[in-house]
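What follows is a short report on a single structure.
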Amino acid sequence: MSSDVRFTDFKSDKQPTWCPGCGDFGTMNGIMKALANSGTDPDNTFVVAGIGCSGKIGTYMHSYAIHGVHGRSLPVAAGVKLANPNLTVVAAGGDGDGYSIGAGHFIHAVRRNVDMAYTVMDNRIYGLTKGQASPTSREDFETSTTPDGPQQPPVNPHALALAAGGTFIAQSFATDHKRHAEIVQAAIEHDGFGFVNVFSPCVTFNDVDTYDYFRDNLVDLADTDHDPTDYDAAKEKILDSSKEYEGIIYQDESSVSYEEKFGVTENMSDIPSGAPDDAMDLVREFY
Amino acid sequence: MPADFNWAIGGEAGDGIDSTGKIFAQALSRAGRHVFTSKDFASRIRGGYTAYKVRTAIDPVQSVVDRLDVLIALTQRTIDENLDELHEGSVIIYDGDRSTMADVEIPEGMIGLDVPLKALAEEAGGAIMRNVVALGAACAVADFPIENLDSALKKRFGGKGEAIVENNKKAARAGLEYVHEEFDYEFDYDLETTDNDYVLINGDQAIGMGAIAAGCRFYAGYPITPATDVMEYLTGRIERYGGHVVQAEDELAAINLALGAARAGARSMTATSGPGIDLMAETFGLVATSETPLVIVDVMRSGPSTGMPTKQEQGDLNMMLYGGHGEIPRFVVAPTSISECFWKTVEAFNMAEKYQVPVYVAADLAMAVTEQTFAPEVFDMDKVEIDRGKVVDEDSIDEWLDEKGRFQPHALTDDGISPRAFPGTEQGAHMSTGLEHDELGRRTEDREMRVEQVDKRERKVETAKSSEDLSPREFGDADSDTLILSWGSNEGALVEALDFLEEDGIDVRFLSVPYMFPRPDLTEDIEAADEVIVVECNATGQFANVVEHDTLTRVKRINKYDGVRFKADELAEQIKATLDAEEVSA
Ligand SMILES: Cc1ncc(C[n+]2csc(CCOP(=O)(O)OP(=O)(O)O)c2C)c(N)n1
Ligand code: SF4
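If you're matching them up, the sequences are chains A and B in order. Everything in the first sequence is counted per my numbering, starting at 1 for the first residue and increasing by one. Everything in the second sequence is counted per my numbering, starting at 288 for the first residue and increasing by one.
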């Protein structure tokens, strides 16, 4: 790894096809900054993305990457990290990708606590399929498939994460460039699963959860006396639906990553050119 | 005295049938006898009929037959279920004091030995050992030296302390002596021993062992009958070699975990059965399109849907060959025996990496849960070769960079195979995607590039056809006009069926096909034969259809889909019937 890595080194020369003004630009730039600041380089970084406008992020970045199928980025990312723990692994996707089709994996990825970061670009809508309700859409948010609103409460991803034993739970806002990069970097550097829900407005299909809305309603926890290591305080913030928070909501400083717990430390790509020397012992076990 | 001896223990699930059967099988194997086991089990943990059957001989045995010589029956149902296989003179060992056997009916002509299993076990130290008493009684009937049981008992109970092992030995001897003292039958058996050392192994274990031998380091799976043993085998063993097993939350996660590990450079595998293959179908397409080497084991069971989870079938061939949306080459190798489960798994890893394709290993329940004896050299680890294909490193990557210095993981090559760079390789950073992509791995809808990438992936099949030996395994009379074809676990039963047929003066040629895709060209073999019969465990003849398609020739079919594997004698009869029918209609 070289120390003079700049965030632009993580940029690919592919031009994003996101709508001008889409929150995903800011989200991506912040992730690239966080990666550069955390001291990794593109050849030792693995980005795993899901499907959706958000899922295109890997395409516009330069690193080893997989753009997978809808909702499955988390198990892919865990597989990458366990096979080569030397890599810095970031999974990214949308709110539909992560909390709808991939919701099951989300809970289990949190429990598993593999050392990686997960950034969800939450625009409270399905962007790529052109504006249907997502699991984080408001109850009365009218869309093409929910003319009267979904009429169901939105999921609370932080509550899910906390209930599943999350060790790093945070939220950021795509256009708060510095703050967003800081939070993602903390997630990358956390020893375990670093989860960041990123408010990443969709300027085309969501006229409610807009930049202005978030600017007016966001409370940065750094400006309050919130102690992210205090579980009860975190719980209170997470269950408080009257405000939108930014910052690290909860961090378990004693978190032990899955790899450490199970002693998965070797780069599994190195194998001998034949069976292991003592492989006949495996046969003899069956005497 | 018959050449082979067929023994079974049966009762309710929870009666310890499996472990008792296994102890006997192990004792026979350690005594230098060949063993082939089979299991009848219901899909429940407690209650429900279950049996463990052992066939043993001095010569190799590789299938089951329709005969039972000695049966340890813990319930009346055990006798009823096996009536077809019992014969005049069959011995039934039971405990008349047991409530389930109080009014036992021993069928005409058979010998019932009422042995107070529980009472003798209690005398030896505990009622729990009553099955071991029964094993001792079976040794008496079979004239099998009881000392051979001792080491198997030690293996099974050694962990619980020397005293437990000693009590079990005592219990076994109590059963033996009871039979000697209380009954004065001249039994027809004499289970000789030899000095040979055999190992006793089932197909799932052989697959797991093959994976480790081949350098598999990452396994992710979700439990499902009958594939779970693969995961259980790897757990606790793969770690010794720096590997890891993840029990995923479902099969979607399992294949995605395995995909991630494979892209990170690990030899990676997942194993499941039909329903799991269904769930993996979407990601399967991603694995194939992103040209990720991955081994996916399908231990087939009866379908569709949850079907009959504990019963045999070869019903997933179509799914493996054609499953998933769109078109993409995938390799399908099908082990034809338990030892081949080992070797074909090793081969699957090499094929996966050489051709950068997902490789299905098509196993089935009949192989997965049955055990067979082998000389250890059958699994000669020195013969395992590992070929990782076109992996590039810092020094060789230059050749694969484009004019802007970007790595081309999907470079268009003559053989269809592109270079592979593991993460961490300098200048190798690249994108893998399920979207159609260009040589750099970037999304494209360019018509020309689409066609070129599809053609490139297809070219790998041609390359494999010309560089791999895909020939079938050949048995029987090479000059016969009758050709039998089959795939998967039917091989053993067919090989033994050939002996039965030979006794009746019928010689046939049998080709056991281990590669379903790419597969051998059978046209010449089929054209040389008058009669072609395809044998498989499914209703619609999935392999037969493929053969007809490939060779433009109609074939006869023998299909079995009642959930039970082919038996050698039964199969011989069916082949005869098929040939006779042909003569009549001619
Ligand atoms: C199995 C499957 N079902 C449906 C789709 C169609 N699809 C593509 S993106 C998407 C929703 C994406 O929404 P979100 O994750 O919120 O991302 P956004 O586009 O808003 O960034 C859907 C339903 C798909 N690609 N795969
Ligand atoms: S549709 Fe919305 S989420 Fe998608 S690119 Fe446009 S603004 Fe962004």
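Beta carbons are placed, not taken as given, at the ideal position from N, Cα and C, and that holds for glycine.
Leaving out five residues on either side along the sequence, give the residues of the same chain with a beta carbon under 6 Å from the beta carbon of residue i.
i: B:ALA655; result: GLY490, ASP491, PRO513 and VAL586
i: B:CYS426; result: ILE433 and LEU463
i: B:TYR520; result: GLN492 and GLY495
i: B:SER640; result: In the sequence as presented, Ser is not what sits at residue 640 of chain B; that position holds Glu. Contacts found: PRO580, ARG675 and GLY676.
i: B:THR559; result: ILE511, ALA514 and GLU538
i: B:LYS326; result: TYR339 and VAL656
i: B:THR750; result: ASP702 and GLY703
i: B:ASN777; result: VAL822 and PHE853
i: B:GLY383; result: ASP401
Under the rule that 16 or more other beta-carbon atoms within 10 Å means buried, what is residue i, buried or exposed?
i: A:SER2; result: In this prediction, A:SER2 scores a pLDDT of 49, lower than 50, which makes its location untrustworthy; the coordinate-derived value is nonetheless stated afterwards. Per the 10 Å Cβ criterion, exposed.
i: B:PRO645; result: buried
i: A:LEU239; result: exposed
i: B:ARG675; result: buried
i: B:SER773; result: buried
i: A:ARG215; result: exposed
i: A:ARG112; result: buried
i: B:GLY792; result: exposed
i: B:VAL620; result: buried
i: A:ASN331; result: Past the boundaries of the shown model lies residue 331 of chain A; chain A is included only from 1 to 287, so the question cannot be answered.
i: A:ARG6; result: exposed
i: B:ILE379; result: buried
i: A:ASP176; result: buried
i: B:GLN740; result: buried
i: A:TYR258; result: buried
Which of the three DSSP states, helix, strand or coil, is assigned to residue i?
i: A:SER100; result: helix
i: B:TYR642; result: helix
i: A:ILE66; result: strand
i: A:THR293; result: Only positions 1 to 287 of chain A appear in this structure, which leaves residue 293 of chain A out of reach.
i: B:VAL420; result: helix
i: B:TRP630; result: helix
i: A:LYS235; result: helix
i: B:PHE694; result: strand
i: A:MET1; result: The pLDDT assigned to A:MET1 is 46, lower than 50, so where the model puts this residue is not dependable, and the model offers no usable value.
i: A:PHE168; result: strand
i: A:HIS287; result: Looking at the sequence provided, one finds Tyr at residue 287 of chain A rather than His. Three-state DSSP puts A:TYR287 in coil, outside helix and strand.
i: B:ALA859; result: helix
i: A:ASN86; result: coil
i: A:THR119; result: strand
i: A:ALA92; result: strand
i: A:GLY194; result: strand
i: B:SER386; result: helix
i: B:LYS598; result: coil
i: B:MET397; result: coil
i: A:ASN29; result: helix
i: A:GLN132; result: strand
i: A:GLN151; result: coil
i: B:TYR647; result: strand
Report yes if the C-beta distance between residue i and residue j is below 8 Å; otherwise report no.
i: B:ARG882; j: B:ILE345; result: This structure cannot speak to residue 882 of chain B, because chain B is shown only from 288 to 873.
i: B:ARG707; j: B:PRO616; result: no
i: A:VAL283; j: B:PHE323; result: no
i: B:SER438; j: B:ARG550; result: no
i: A:ILE125; j: A:ASN206; result: yes
i: A:ILE183; j: A:SER172; result: yes
i: A:GLU260; j: A:VAL219; result: no
Looking only at its chain, what residues have a beta carbon closer than 7 Å to the beta carbon of residue i, apart from the 5 residues adjacent to it on each side?
i: B:ASN455; result: MET416, VAL419, LEU440 and PHE444
i: B:ASP291; result: ARG342, THR343, ALA344 and VAL348
Once the 5 residues before and after residue i are set aside, which same chain residues still bring their CB inside 8 Å of it?
i: A:ASN86; result: ASN44 and ASN267
i: B:GLY334; result: GLU299, ALA300 and GLY301
i: B:MET668; result: ALA500
Any chance the CB of residue i is under 7 Å from a heavy atom of ligand 3?
i: B:THR593; result: No copy of ligand 3 occurs in the structure displayed; its ligands are ligand 1 and ligand 2 alone.
Give the interface partners of residue i over in chain D, defined as CB-CB distance under 7 Å, in chain order.
i: B:LEU487; result: Included in the structure are the protein chains A and B, with no chain D among them.
List in chain order: all unbroken alpha helix (DSSP H) runs of 4+ residues lying wholly within the segment 786-857 of chain B. Restricting attention to alpha helix (DSSP H) runs no shorter than 4 residues, the segment 786-857 of chain B encloses them at 810-815 and 829-838, ordered along the chain.
Can you list, in chain order, the stretches of the beta strand (DSSP E) that have 3 or more residues and sit fully within the segment 449-485 of chain B? Considered as a whole, the segment 449-485 of chain B harbours no complete run of any beta strand (DSSP E) with no fewer than 3 residues.
Starting from the N-terminal side, write out each stretch of the alpha helix (DSSP H) that is 4 residues or longer and does not extend beyond the segment 526-592 of chain B. Counting only runs of 4 or more residues that sit fully inside the segment 526-592 of chain B, the alpha helix (DSSP H) segments are 538-550 and 561-576, in chain order.
Length at least 3, wholly inside the segment 302-372 of chain B: the beta strand (DSSP E) runs in chain order: Whole beta strand (DSSP E) segments, 3+ residues: 321-327, 336-344 and 355-360.
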